[in-house]
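Under numbering that gives the first Met the number 0, the first residue of the sequence shown is numbered 0, with each subsequent residue one higher.
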Amino acid sequence: MSLIEHKKARLNYDILEEFEAGLELLGSEVKSIRASHGKLDGAHIIVRPTARAGGLEAYVVGMSVPPYQTTNTPADYEPERTRKLLLTKKELQTLAGFEKQSGLTIVPLSVYNKGRVLKMRLAVARGRKKYDKRAVLKERDTKRDIQRTLKNN
């Protein structure tokens with residue numbers, strides 16, 4: 000069960016490959032996400048080299064997590080700050096390779112509980128054109144109509 004979901008990601012993008020990553024969050028952000036507050040719309044992932052030789056880090060940019068309690072929130076809290084993702088070296092290298100390719104982007108799909116920790120499902124995706132989106136919507140509608148007729152018979 001996902002706590003926050005990017006609902007239009009599967010419509011706007013062709014999903015090529017999916018990954019699971021941990022999130023580095025503040026305590027109040029965890030509480031806010033567990034209360035299903037937050038948005039992934041317009042968010043994307045960037046992979047950048049670190050100060051160490053050959054090291055890579057991934058960050059989610061544009062993810063909005065409002066404060067859990069506005070009265071107890073620190074004055075310098077930013078809801079849309081960049082948050083670090085926790086991935087293995089191998090996963091970071093593959094994501095960096097995908098990021099370098101033209102036309103591909105890395106988008107978050109959802110944030111969910113896995114035991115006591117919060118995880119993010121992210122995907123390497125290619126943007127769809129308007130006519131592709133129309134075709135997908137038409138296909139969904141026809142499948143839904145077929146399921147209705149089969150259910151009624």
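Note that the Cβ used here is the ideal one computed from N, Cα and C, for glycine as well.
For residue i, count neighbouring C-beta atoms within 10 Å of its own C-beta (all shown protein chains included) and say buried if the count is 16 or more, exposed if not.
i    : result
T34  : The amino acid occupying residue 34 in the given sequence is Ala; Thr does not appear at that position. Result: exposed.
S191 : Because the chain here runs from 0 to 152, residue 191 falls outside it and cannot be looked at.
I145 : exposed
V116 : exposed
Y130 : exposed
L84  : buried
E4   : buried
L121 : buried
Measuring only the C-alpha atoms, how far is residue i from residue j?
i    : j    : result
K137 : G126 : 18 angstroms
R47  : M0   : 30 angstroms
E28  : I14  : 28 angstroms
What residues are listed by DSSP as bridge partners for residue i?
i    : result
L22  : L84
E138 : DSSP output for E138 lists no bridge partner at all.
E17  : A122
R47  : E56
Quiz item: Curious, which full-length beta strand (DSSP E) runs of at least 3 residues does the stretch 54-118 contain?
Solution: Every beta strand (DSSP E) of 3 residues or more that sits fully in the stretch 54-118 is shown, in chain order, as 55-60, 82-85, 103-113.
Quiz prompt | Stretch pair the stretch 22-40 + the stretch 107-114: three plus CB contacts closer than 8 angstroms | solution = The answer is yes - the stretch 107-114 touches the stretch 22-40, with three or more Cβ pairs under 8 angstroms.
Practice problem: Take every Cβ of the stretch 74-91, pair it with every Cβ of the stretch 135-152, and state whether three or more of those distances are shorter than 8 angstroms. | Solution: Flag = no, the stretch 74-91 and the stretch 135-152 do not touch.
Self-check item: Meets three-Cβ-pair contact criterion under 8 angstroms: the stretch 66-74 and the stretch 47-56
Solution: Touching, no, given that fewer than three Cβ pairs across the two stretches are closer than 8 angstroms.
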